[in-house]
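The opening residue of the sequence shown carries number 1 in the numbering used here; numbering runs sequentially from there.
Glycine included, every Cβ here is placed at the ideal spot set by N, Cα and C.
Computed from a predicted model, the values in this text were never measured in an experiment.
Heads up, the thing below is written out as structure tokens.
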Amino acid sequence: MKRHDTAEVFLGKLGVGGSHPVSVEAMGRTHPSRYRDTLDEIRLAQEAGCEIFRLAIPDEESLEGLKKITAESPLPLVADIHFAPQLALSAAGSGVGAVRVNPGTMGERAQYRELVLRLADYGCVLRLGANAASLPKAFQKMKPSQALVCCIAEWLEEPLKLSFHNIILSAKSSSIEVNEEASRNLSHSFPYPIHIGLTEAGEGTDGIIQSTLGIGMLLREGIGNTIRVSLTSSSPVLETQVGVGILNALGLRRRGFQIISCPTCARKKGDVVLLVCELKKRLGKLKQTVPLTVAVMGCEVNGPGEAREADVGLAFGRERAVIFSRGVVVETVPHREGMEALLESIITFTPPAGKQLQHNS
Numbered sequence: 001m002k003r004h005d006t007a008e009v010f011l012g013k014l015g016v017g018g019s020h021p022v023s024v025e026a027m028g029r030t031h032p033s034r035y036r037d038t039l040d041e042i043r044l045a046q047e048a049g050c051e052i053f054r055l056a057i058p059d060e061e062s063l064e065g066l067k068k069i070t071a072e073s074p075l076p077l078v079a080d081i082h083f084a085p086q087l088a089l090s091a092a093g094s095g096v097g098a099v100r101v102n103p104g105t106m107g108e109r110a111q112y113r114e115l116v117l118r119l120a121d122y123g124c125v126l127r128l129g130a131n132a133a134s135l136p137k138a139f140q141k142m143k144p145s146q147a148l149v150c151c152i153a154e155w156l157e158e159p160l161k162l163s164f165h166n167i168i169l170s171a172k173s174s175s176i177e178v179n180e181e182a183s184r185n186l187s188h189s190f191p192y193p194i195h196i197g198l199t200e201a202g203e204g205t206d207g208i209i210q211s212t213l214g215i216g217m218l219l220r221e222g223i224g225n226t227i228r229v230s231l232t233s234s235s236p237v238l239e240t241q242v243g244v245g246i247l248n249a250l251g252l253r254r255r256g257f258q259i260i261s262c263p264t265c266a267r268k269k270g271d272v273v274l275l276v277c278e279l280k281k282r283l284g285k286l287k288q289t290v291p292l293t294v295a296v297m298g299c300e301v302n303g304p305g306e307a308r309e310a311d312v313g314l315a316f317g318r319e320r321a322v323i324f325s326r327g328v329v330v331e332t333v334p335h336r337e338g339m340e341a342l343l344e345s346i347i348t349f350t351p352p353a354g355k356q357l358q359h360n361s
């Protein structure tokens, strides 16, 4: 699908906007003063597919932790700061890739100008993000989507006066409609990369559905250069997995294993649910160098026919399971040997480029 053209910025070595692929961002749950715990979160998120990690910096103690985290983090960091411009100024020199500020909580314009100058000195990105729930008073009586864009436009004036263009924009709401309108207008109005996501999307299935719709519709229009799935959860891993899944489903990125499986019915000849659950655990021990689609089907109706596009797959028969690759049967085995046969086919599968899967070291 065609992407909207934007300027290119870099968070460390990671390119955002321009011709770079859409990146997945996640947010830490631990206080940065617990920097070892925070680094553990970052590494777990990275393993799940995260490429940018955002940290709330609420106080001086968290700022001290941030300096230690940036020294060891495998991912570029975004320091998220509200109500404390001085913390933003300090964070700009800590080694983070970006500082996120909200016009509704930034404070004095003079401090904002000082921040922009500091960001320029350190080659740091300004993440200018307006939220519908925390707009400055001057914009609160406007239509929400319009207010978000007008607020961003006003707060862009200072960086532009200073010829500062190392910028990523976002305009977020918990409303899918407001979110979509604001992000679309941002994309049409300014040349900078856009970060998209719903705020306060919720927990579990509700949050996943809301975020998938809100993010997916914008991505289908070619809008969005970084995404974050905001879920009520104790870890950034799930929101990362959902974000990666959204990009995979839209064909914007192909990373990790994509498992397609039938919903099961009275025709099933084997335990699809159990096999898929076990398969996910086993695949977690493999490091993948190329995208791979794996199918698990409960009967001959769904597989390999309906799953003929899968790179590797298994379909249960009455007494034996069929192992297939791109619609061609390569082996039949007893049900009890199906899992191992499928894993062996995954490990030894050779895509056209000649790359293979490797175990994690």
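Proximity winner among L11, V296, S134 and L286, relative to V96 (alpha-carbon distances):
Ranking the options by Cα distance to V96, first place goes to L11.
Collapsed DSSP secondary structure at A307 in the structure displayed:
In the structure shown, A307 sits in coil (DSSP, three-state: anything other than H, G, I, E or B).
In angstroms with no decimal places, state the Cα-to-Cα distance between C299 and A315.
When rounded, the distance between both Cα atoms is 6 Å.
Sort R109, L126, K287 and S90 by Cα distance to V101 and report the nearest one.
When C-alpha distances from V101 are compared across R109, L126, K287 and S90, the shortest belongs to L126.
Based on Cα-Cα distance, which residue from S90, G256 and K269 lies nearest to H335?
If you compare the alpha carbons of S90, G256 and K269 with that of H335, the shortest gap goes to K269.
Determine the direct distance from the alpha carbon of Q111 to that of P103, and round the result to whole angstroms.
Their Cα atoms are separated by approximately 12 Å.
Give me whichever residues DSSP pairs with M27 in a beta bridge.
For M27, which the question treats as bridged, DSSP gives the partners R54.
With a threshold of 7 Å on Cβ separation, who are the neighbours of L75 within its own chain once the five nearest residues in sequence on each side are excluded?
Cβ within range, chain order: I42, Q46, C50, E51, I52 and F53.
Taking DSSP as the reference, what is the three-state secondary structure of K172?
The answer is strand: DSSP assigns K172 an E or B state.
For a quick check, are the C-beta atoms of A79 and I57 less than 8 Å apart?
Taking a C-beta distance under 8 Å as the contact criterion, A79 and I57 qualify as a contact pair.
Which partner residues of A79 appear in the DSSP bridge assignment?
Looking at the DSSP assignment, A79 forms a beta bridge with L55 and V99.
On the criterion of 16 or more Cβ atoms from any shown chain inside 10 Å, does L191 qualify as buried, or is it exposed?
Note on residue identity: the sequence assigns Pro, not Leu, to residue 191. Within 10 angstroms of the beta-carbon of P191 lie fewer than 16 other beta-carbons, which makes it exposed.
Quick check: the Cα distance between S361 and A249, rounded to an integer number of angstroms?
With a pLDDT of 32 at S361, under the threshold of 50, the predicted position of this residue should be treated as unreliable, though the coordinate-derived value follows. Their backbone Cα atoms lie some 29 Å apart in a straight line.
Is it true that the segment 235–243 meets the segment 282–297, where meeting means three or more beta-carbon pairs spaced less than 8 Å apart?
Here the segment 235–243 makes no contact with the segment 282–297; the two share fewer than three CB pairs at distances below 8 Å.
Per-residue DSSP class, three states only, for F316
F316 falls in the strand class under three-state DSSP.
Using 8 Å as the cut-off, can you tell me whether the segment 226–235 makes contact with the segment 196–207, which would need three or more C-beta pairs spanning the two stretches below that distance?
Remark: three or more beta-carbon pairs, one from each stretch, lie closer than 8 Å, so the segment 226–235 and the segment 196–207 are flagged as touching.
Taking the straight line between their C-alpha atoms, what separation do you get for R318 and I347?
Between R318 and I347, the C-alpha separation is close to 26 Å.
Rounded to whole angstroms, what is the Cα-Cα separation between R267 and V301?
Taking the straight line from one Cα to the other gives about 8 Å.
Express the C-alpha separation of E278 and K287 in angstroms, rounding to a whole number.
If I take the Cα positions, the gap works out to 17 Å.
To the nearest angstrom, how far is the alpha carbon of G18 from that of E221?
Distance between the alpha carbons of G18 and E221 is about 16 Å.
Secondary structure at L87, three-state DSSP: helix, strand or coil?
In the structure shown, L87 falls within a helical segment according to DSSP collapsed to helix, strand and coil.
Hey, out of H82, S325 and R109, whose CA is closest to G305's CA?
When each option's Cα is compared against that of G305, the closest is S325.
Assess contact between the segment 24–44 and the segment 58–70, defined as three or more Cβ pairs (one per stretch) separated by less than 8 Å. Is contact present?
Segment contact: the segment 24–44 against the segment 58–70, three or more CB-CB distances shorter than 8 Å; contact assigned.
Short Cβ contact (8 Å threshold) for L186 with I176
No.
Within 10 Å of its beta-carbon, does E309 have 16 or more other beta-carbons around it, so buried, or fewer, so exposed?
E309 comes out exposed.
Where does L160 fall in DSSP's three states?
Helix at L160.
M1 burial status per 10 Å Cβ neighbour count (16 or more: buried)
M1 should be labelled exposed.
Between E331 and the rest of its own chain, which residues show a CB-CB distance below 7 Å, the 5 nearest in sequence each way excluded?
Apart from sequence neighbours up to five positions away, the residues of its chain that approach E331 with a beta-carbon distance below 7 Å are I323 and A341, ordered along the chain.
Less than 8 Å between the CB atoms is what I'm expecting for L275 and M339, so what's the real figure, rounded?
Between L275 and M339 the beta-carbon gap is near 6 Å, inside 8 Å, which marks them as a contact.
Count the other CB atoms, across all protein chains shown, that sit within 10 Å of the CB of P263; report buried if there are 16 or more and exposed otherwise.
That one is exposed.
How long is the line joining the alpha carbons of F257 and D40, rounded to whole angstroms?
Taking C-alpha positions only, F257 is separated from D40 by approximately 23 Å.
For H195, which residues does DSSP report across the bridge?
Under DSSP, the beta-bridge partners assigned to H195 are T226.
Length of the line joining the Cα atoms of A133 and S173
Answer to the nearest angstrom: the Cα atoms are 7 Å apart.
Can you give the beta carbon distance from L89 to R118, rounded, assuming they're within the 8 Å contact cut?
In this structure L89 touches R118 by the C-beta definition: roughly 5 Å separates them, less than 8 Å.
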